[in-house]
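My numbering puts the first residue of the sequence shown at 221, with every later residue one more than the last.
The beta carbon of each residue, even a glycine, is placed where N, CA and C say it ideally should be.
These figures come from a predicted structure and were not determined experimentally.
So the structure is just underneath, and the comments pick up after that.
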Amino acid sequence: LPISLREVLRAASSGATAERSFAEARLGEMERGCGVCGAFEGYVSALIEVIRESSGVESSSRLLAAICLKNVVSRRWRAVTVGKHARGAVSEAEKGRVREFLLEFLVNERDLLVRAQLTDALRRAVRVDWPKAWPDALEKLVSSDEAFARCLGELATKRLPADRKAFALAAQELLPRVVVAFHNAQGDSSPRRWVYRAMRSLLSADVWNEAALDAFFGRAMQRLPEPDLWILVADIAYKPKFRHRYASAFVAKALLAEDDGWDEPRVEFITRCVDFLEEGHLPQIFAFAAATLPLSNAELRAWAENDDDSDDDDEAWGDDDD
(Lines of atoms letter the chains of each structure in order from A and count residues from 1; the text may use other names and numbers.)
(Lines give C-alpha, C1' and ligand atoms only; values in the text may rest on other atoms or scores of the structure.)
Protein backbone atom coordinates (compact mmCIF):
# COMPACT_ATOMS: atom_id res chain seq x y z
CA LEU A 1 0.00 0.00 0.00
CA PRO A 2 2.66 2.64 0.85
CA ILE A 3 4.38 2.24 -2.55
CA SER A 4 1.15 2.45 -4.53
CA LEU A 5 -0.02 5.33 -2.37
CA ARG A 6 3.12 7.31 -3.15
CA GLU A 7 2.48 6.81 -6.83
CA VAL A 8 -1.12 7.94 -6.50
CA LEU A 9 -0.10 11.02 -4.52
CA ARG A 10 2.55 11.90 -7.07
CA ALA A 11 0.05 11.58 -9.92
CA ALA A 12 -2.64 13.55 -8.08
CA SER A 13 -0.29 16.43 -7.27
CA SER A 14 1.73 16.74 -10.45
CA GLY A 15 0.32 14.56 -13.24
CA ALA A 16 -1.50 15.43 -16.43
CA THR A 17 -5.20 16.24 -16.25
CA ALA A 18 -6.49 12.72 -17.04
CA GLU A 19 -3.91 11.09 -14.78
CA ARG A 20 -4.65 13.54 -11.98
CA SER A 21 -8.42 12.91 -12.19
CA PHE A 22 -7.87 9.15 -11.97
CA ALA A 23 -5.49 9.56 -9.01
CA GLU A 24 -7.91 11.84 -7.13
CA ALA A 25 -10.70 9.30 -7.63
CA ARG A 26 -8.37 6.59 -6.32
CA LEU A 27 -7.61 8.62 -3.20
CA GLY A 28 -11.35 8.99 -2.64
CA GLU A 29 -11.76 5.22 -2.83
CA MET A 30 -8.94 4.70 -0.36
CA GLU A 31 -10.47 7.16 2.11
CA ARG A 32 -13.91 5.57 1.86
CA GLY A 33 -12.39 2.13 2.44
CA CYS A 34 -10.15 3.07 5.36
CA GLY A 35 -12.65 2.12 8.05
CA VAL A 36 -12.57 -1.02 10.19
CA CYS A 37 -12.54 -4.10 7.92
CA GLY A 38 -12.43 -1.81 4.89
CA ALA A 39 -10.45 -2.58 1.75
CA PHE A 40 -7.83 0.06 2.65
CA GLU A 41 -7.58 -0.29 6.41
CA GLY A 42 -3.87 0.64 6.30
CA TYR A 43 -4.49 3.89 4.41
CA VAL A 44 -4.01 6.18 7.42
CA SER A 45 -0.74 4.56 8.49
CA ALA A 46 0.51 4.80 4.90
CA LEU A 47 -0.26 8.54 4.81
CA ILE A 48 1.72 8.99 8.00
CA GLU A 49 4.73 7.19 6.51
CA VAL A 50 4.67 9.48 3.46
CA ILE A 51 4.51 12.62 5.64
CA ARG A 52 7.38 11.37 7.81
CA GLU A 53 9.73 11.14 4.83
CA SER A 54 10.85 14.74 4.56
CA SER A 55 13.58 13.67 2.13
CA GLY A 56 13.01 11.44 -0.89
CA VAL A 57 9.37 12.51 -1.30
CA GLU A 58 8.21 15.53 -3.30
CA SER A 59 6.96 18.37 -1.16
CA SER A 60 3.70 18.42 -3.13
CA SER A 61 3.13 14.73 -2.31
CA ARG A 62 3.80 15.34 1.39
CA LEU A 63 1.38 18.27 1.40
CA LEU A 64 -1.32 16.22 -0.33
CA ALA A 65 -0.77 13.39 2.14
CA ALA A 66 -1.25 15.86 5.02
CA ILE A 67 -4.46 17.14 3.40
CA CYS A 68 -5.72 13.56 3.00
CA LEU A 69 -4.93 12.84 6.65
CA LYS A 70 -6.85 15.94 7.71
CA ASN A 71 -9.81 14.80 5.57
CA VAL A 72 -9.78 11.39 7.24
CA VAL A 73 -9.92 13.02 10.68
CA SER A 74 -12.72 15.33 9.51
CA ARG A 75 -14.85 12.69 7.81
CA ARG A 76 -13.87 9.24 9.11
CA TRP A 77 -12.98 9.77 12.75
CA ARG A 78 -16.27 8.38 14.00
CA ALA A 79 -18.89 6.16 12.46
CA VAL A 80 -21.93 7.95 11.04
CA THR A 81 -25.19 6.49 9.72
CA VAL A 82 -27.17 8.52 7.19
CA GLY A 83 -30.41 6.79 6.25
CA LYS A 84 -29.51 3.27 5.17
CA HIS A 85 -25.87 4.13 4.55
CA ALA A 86 -23.21 3.69 7.23
CA ARG A 87 -19.88 5.49 7.05
CA GLY A 88 -17.24 3.54 8.89
CA ALA A 89 -14.59 5.09 11.10
CA VAL A 90 -10.90 4.34 11.24
CA SER A 91 -9.88 1.73 13.81
CA GLU A 92 -8.95 2.69 17.37
CA ALA A 93 -5.44 1.38 16.73
CA GLU A 94 -4.97 3.74 13.79
CA LYS A 95 -6.48 6.62 15.74
CA GLY A 96 -3.84 6.02 18.38
CA ARG A 97 -1.09 6.10 15.74
CA VAL A 98 -2.45 9.37 14.34
CA ARG A 99 -2.52 10.99 17.79
CA GLU A 100 1.03 9.93 18.57
CA PHE A 101 2.24 11.08 15.16
CA LEU A 102 0.62 14.52 15.43
CA LEU A 103 2.00 15.16 18.91
CA GLU A 104 5.48 14.00 17.96
CA PHE A 105 5.84 15.38 14.46
CA LEU A 106 3.94 18.66 14.47
CA VAL A 107 6.40 20.64 16.58
CA ASN A 108 9.36 19.80 14.32
CA GLU A 109 7.63 20.14 10.93
CA ARG A 110 9.40 22.88 8.96
CA ASP A 111 7.09 23.02 5.94
CA LEU A 112 4.55 25.68 6.97
CA LEU A 113 1.88 24.38 4.58
CA VAL A 114 2.20 20.82 5.85
CA ARG A 115 2.21 22.06 9.45
CA ALA A 116 -1.01 24.00 8.86
CA GLN A 117 -2.78 20.88 7.60
CA LEU A 118 -1.50 18.77 10.50
CA THR A 119 -2.58 21.44 12.99
CA ASP A 120 -6.05 21.40 11.45
CA ALA A 121 -6.16 17.59 11.72
CA LEU A 122 -5.04 17.82 15.36
CA ARG A 123 -7.67 20.33 16.46
CA ARG A 124 -10.42 18.27 14.81
CA ALA A 125 -9.23 15.10 16.52
CA VAL A 126 -9.07 16.87 19.87
CA ARG A 127 -12.60 18.21 19.42
CA VAL A 128 -13.98 14.70 18.97
CA ASP A 129 -11.74 12.76 21.37
CA TRP A 130 -11.19 15.05 24.36
CA PRO A 131 -11.73 14.36 27.21
CA LYS A 132 -13.09 10.78 27.02
CA ALA A 133 -10.99 9.10 24.32
CA TRP A 134 -7.94 11.36 24.71
CA PRO A 135 -7.95 12.72 28.27
CA ASP A 136 -4.31 13.89 28.35
CA ALA A 137 -4.42 15.72 25.00
CA LEU A 138 -4.23 19.26 26.42
CA GLU A 139 -1.56 18.33 28.93
CA LYS A 140 0.63 17.02 26.11
CA LEU A 141 -0.07 20.02 23.90
CA VAL A 142 0.84 22.83 26.31
CA SER A 143 4.35 23.15 24.85
CA SER A 144 3.05 23.17 21.25
CA ASP A 145 2.24 26.90 21.28
CA GLU A 146 0.11 27.66 18.20
CA ALA A 147 -1.36 24.15 17.95
CA PHE A 148 -2.29 24.29 21.64
CA ALA A 149 -4.01 27.65 21.19
CA ARG A 150 -5.98 26.39 18.20
CA CYS A 151 -7.12 23.29 20.07
CA LEU A 152 -8.28 25.44 22.98
CA GLY A 153 -10.18 27.63 20.53
CA GLU A 154 -11.88 24.54 19.11
CA LEU A 155 -12.90 23.22 22.53
CA ALA A 156 -14.15 26.64 23.63
CA THR A 157 -16.83 26.50 20.92
CA LYS A 158 -18.41 23.28 22.20
CA ARG A 159 -21.77 23.96 23.81
CA LEU A 160 -22.98 20.76 25.48
CA PRO A 161 -23.09 21.28 29.29
CA ALA A 162 -20.79 18.32 29.95
CA ASP A 163 -18.24 19.66 27.45
CA ARG A 164 -18.39 23.15 28.93
CA LYS A 165 -17.88 21.79 32.44
CA ALA A 166 -14.89 19.68 31.39
CA PHE A 167 -13.33 22.62 29.57
CA ALA A 168 -13.83 24.96 32.54
CA LEU A 169 -12.06 22.50 34.86
CA ALA A 170 -9.16 22.14 32.43
CA ALA A 171 -8.97 25.90 31.89
CA GLN A 172 -8.58 26.51 35.62
CA GLU A 173 -5.48 24.30 35.66
CA LEU A 174 -4.02 25.57 32.38
CA LEU A 175 -4.40 29.31 33.02
CA PRO A 176 -1.33 29.72 35.30
CA ARG A 177 0.83 27.77 32.83
CA VAL A 178 -0.18 30.02 29.95
CA VAL A 179 0.66 33.08 32.09
CA VAL A 180 4.13 31.65 32.72
CA ALA A 181 4.59 31.14 28.98
CA PHE A 182 3.58 34.77 28.43
CA HIS A 183 6.21 35.97 30.89
CA ASN A 184 8.85 33.87 29.13
CA ALA A 185 8.01 35.20 25.65
CA GLN A 186 10.66 37.73 24.69
CA GLY A 187 11.48 39.82 21.63
CA ASP A 188 8.87 40.64 19.01
CA SER A 189 5.16 39.98 19.45
CA SER A 190 4.98 36.81 17.33
CA PRO A 191 5.68 34.34 20.18
CA ARG A 192 2.99 35.99 22.28
CA ARG A 193 0.17 35.80 19.73
CA TRP A 194 -0.67 32.21 20.58
CA VAL A 195 -0.79 33.21 24.28
CA TYR A 196 -3.38 35.91 23.59
CA ARG A 197 -5.48 33.42 21.59
CA ALA A 198 -5.16 30.81 24.33
CA MET A 199 -6.17 33.35 27.00
CA ARG A 200 -9.28 34.33 25.01
CA SER A 201 -10.36 30.68 24.93
CA LEU A 202 -9.58 30.04 28.60
CA LEU A 203 -11.38 33.18 29.79
CA SER A 204 -14.41 32.29 27.67
CA ALA A 205 -14.95 29.48 30.18
CA ASP A 206 -15.35 32.13 32.94
CA VAL A 207 -12.35 30.89 34.89
CA TRP A 208 -10.87 33.44 37.26
CA ASN A 209 -7.55 33.06 39.02
CA GLU A 210 -6.82 36.48 40.46
CA ALA A 211 -3.11 35.91 41.14
CA ALA A 212 -2.46 34.55 37.65
CA LEU A 213 -4.49 37.28 35.94
CA ASP A 214 -2.86 40.06 37.98
CA ALA A 215 0.49 38.74 36.77
CA PHE A 216 -0.73 38.46 33.19
CA PHE A 217 -2.44 41.84 32.85
CA GLY A 218 0.30 43.59 34.81
CA ARG A 219 2.85 42.41 32.26
CA ALA A 220 0.40 42.90 29.39
CA MET A 221 0.18 46.62 30.16
CA GLN A 222 3.86 46.82 29.20
CA ARG A 223 3.20 45.09 25.86
CA LEU A 224 0.78 47.63 24.45
CA PRO A 225 -0.01 48.50 21.73
CA GLU A 226 -0.11 44.92 20.37
CA PRO A 227 -3.30 44.38 18.31
CA ASP A 228 -3.70 40.78 19.52
CA LEU A 229 -3.77 42.03 23.10
CA TRP A 230 -6.45 44.60 22.28
CA ILE A 231 -8.48 41.80 20.65
CA LEU A 232 -8.23 39.86 23.91
CA VAL A 233 -9.32 42.71 26.20
CA ALA A 234 -12.11 43.70 23.80
CA ASP A 235 -13.31 40.11 23.85
CA ILE A 236 -13.65 40.07 27.64
CA ALA A 237 -14.59 43.73 28.16
CA TYR A 238 -18.13 42.78 29.21
CA LYS A 239 -17.00 40.46 32.01
CA PRO A 240 -17.79 42.17 35.35
CA LYS A 241 -14.63 40.95 37.10
CA PHE A 242 -12.40 42.23 34.31
CA ARG A 243 -14.10 45.63 34.34
CA HIS A 244 -13.95 45.96 38.10
CA ARG A 245 -10.26 45.07 38.38
CA TYR A 246 -8.52 45.97 35.10
CA ALA A 247 -10.68 48.02 32.75
CA SER A 248 -9.77 51.46 34.15
CA ALA A 249 -6.10 50.87 33.45
CA PHE A 250 -6.69 49.65 29.92
CA VAL A 251 -9.10 52.47 29.11
CA ALA A 252 -6.51 55.00 30.25
CA LYS A 253 -3.86 53.32 28.14
CA ALA A 254 -6.19 53.23 25.16
CA LEU A 255 -7.13 56.90 25.43
CA LEU A 256 -3.79 58.43 26.33
CA ALA A 257 -0.96 56.25 25.03
CA GLU A 258 1.05 57.76 22.21
CA ASP A 259 1.81 55.25 19.44
CA ASP A 260 1.13 54.63 15.78
CA GLY A 261 -2.59 55.31 15.97
CA TRP A 262 -5.86 53.61 16.72
CA ASP A 263 -6.35 50.15 15.32
CA GLU A 264 -9.72 48.43 15.05
CA PRO A 265 -9.36 46.15 18.13
CA ARG A 266 -8.63 49.16 20.37
CA VAL A 267 -11.63 51.04 19.02
CA GLU A 268 -13.77 47.95 19.67
CA PHE A 269 -12.53 47.79 23.26
CA ILE A 270 -13.36 51.45 23.93
CA THR A 271 -16.77 51.02 22.29
CA ARG A 272 -17.55 48.16 24.64
CA CYS A 273 -16.45 50.27 27.61
CA VAL A 274 -18.61 53.32 26.82
CA ASP A 275 -21.17 52.46 29.48
CA PHE A 276 -18.28 51.71 31.86
CA LEU A 277 -17.06 55.28 31.32
CA GLU A 278 -20.57 56.57 31.98
CA GLU A 279 -20.68 54.76 35.33
CA GLY A 280 -18.38 57.35 36.90
CA HIS A 281 -15.01 55.64 36.50
CA LEU A 282 -13.21 58.61 34.94
CA PRO A 283 -11.52 59.57 38.28
CA GLN A 284 -9.97 56.08 38.40
CA ILE A 285 -8.78 56.46 34.83
CA PHE A 286 -7.17 59.83 35.51
CA ALA A 287 -5.56 58.49 38.69
CA PHE A 288 -4.06 55.61 36.74
CA ALA A 289 -2.91 57.90 33.96
CA ALA A 290 -1.25 60.28 36.41
CA ALA A 291 0.57 57.41 38.11
CA THR A 292 1.79 55.46 35.10
CA LEU A 293 1.88 57.58 31.96
CA PRO A 294 4.52 60.20 31.07
CA LEU A 295 2.08 63.09 31.51
CA SER A 296 2.39 65.91 34.02
CA ASN A 297 -0.56 67.11 36.10
CA ALA A 298 -0.72 70.22 33.93
CA GLU A 299 -0.92 68.07 30.80
CA LEU A 300 -3.66 65.96 32.35
CA ARG A 301 -5.62 69.07 33.30
CA ALA A 302 -5.19 70.43 29.79
CA TRP A 303 -6.43 67.14 28.37
CA ALA A 304 -9.46 67.24 30.65
CA GLU A 305 -10.19 70.89 29.78
CA ASN A 306 -9.99 70.08 26.09
CA ASP A 307 -12.45 67.27 26.69
CA ASP A 308 -14.79 69.74 28.43
CA ASP A 309 -14.41 72.15 25.51
CA SER A 310 -15.52 69.41 23.16
CA ASP A 311 -18.93 69.44 24.88
CA ASP A 312 -19.24 73.16 24.10
CA ASP A 313 -18.30 72.44 20.50
CA ASP A 314 -21.08 69.85 20.34
CA GLU A 315 -23.60 72.41 21.60
CA ALA A 316 -22.42 74.88 18.95
CA TRP A 317 -23.64 72.51 16.27
CA GLY A 318 -27.20 73.08 17.40
CA ASP A 319 -30.05 70.63 17.62
CA ASP A 320 -30.21 68.58 14.43
CA ASP A 321 -33.54 67.03 15.38
CA ASP A 322 -35.51 70.19 14.57
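Across the structure, residue 263 and residue 459 are spaced so that their CA atoms are roughly 47 Å apart.
Between the beta-carbon of residue 361 and that of residue 367 there is about 6 Å, and that keeps the pair under the 8 Å contact cut. When the beta-carbon positions are compared, residue 489 and residue 469 stay at least 7 Å from each other.
By the CB criterion at 7 Å, residue 398 and residue 418 fall inside the cutoff. For the pair residue 285 and residue 229, the CB atoms are nearer than the 7 Å cut-off. In the DSSP annotation of this structure, the continuous segment of the alpha helix (DSSP H) that includes residue 263 starts and ends at 263 to 272. Taken in chain order, the whole beta strand (DSSP E) runs of length 3 or more contained in the stretch 283 to 345 are 300 to 302, 305 to 307. Counted as a single uninterrupted DSSP element, the alpha helix (DSSP H) harbouring residue 451 occupies residues 447 to 455. With fewer than 16 other Cβ atoms inside 10 Å of its own Cβ, residue 294 counts as exposed. Taking C-alpha positions only, residue 453 is separated from residue 309 by approximately 41 Å. Per DSSP, residue 252 is one residue of the alpha helix (DSSP H) stretching across 237 to 252. Between the beta-carbon of residue 394 and that of residue 422 there is about 6 Å, and that keeps the pair under the 8 Å contact cut. Nearest Cα to residue 465 within the set 287, 443, 290, 431: 431. The shortest C-alpha to C-alpha distance from residue 494 to any of 438, 467, 353 is the one to 467. In the three-state DSSP reduction, residue 396 falls in the helix class (H, G or I). Pairing residue 355 with residue 446, the inter-Cα distance amounts to about 34 Å. Residue 440 is a Cβ neighbour of residue 449, given a cutoff of 7 Å.
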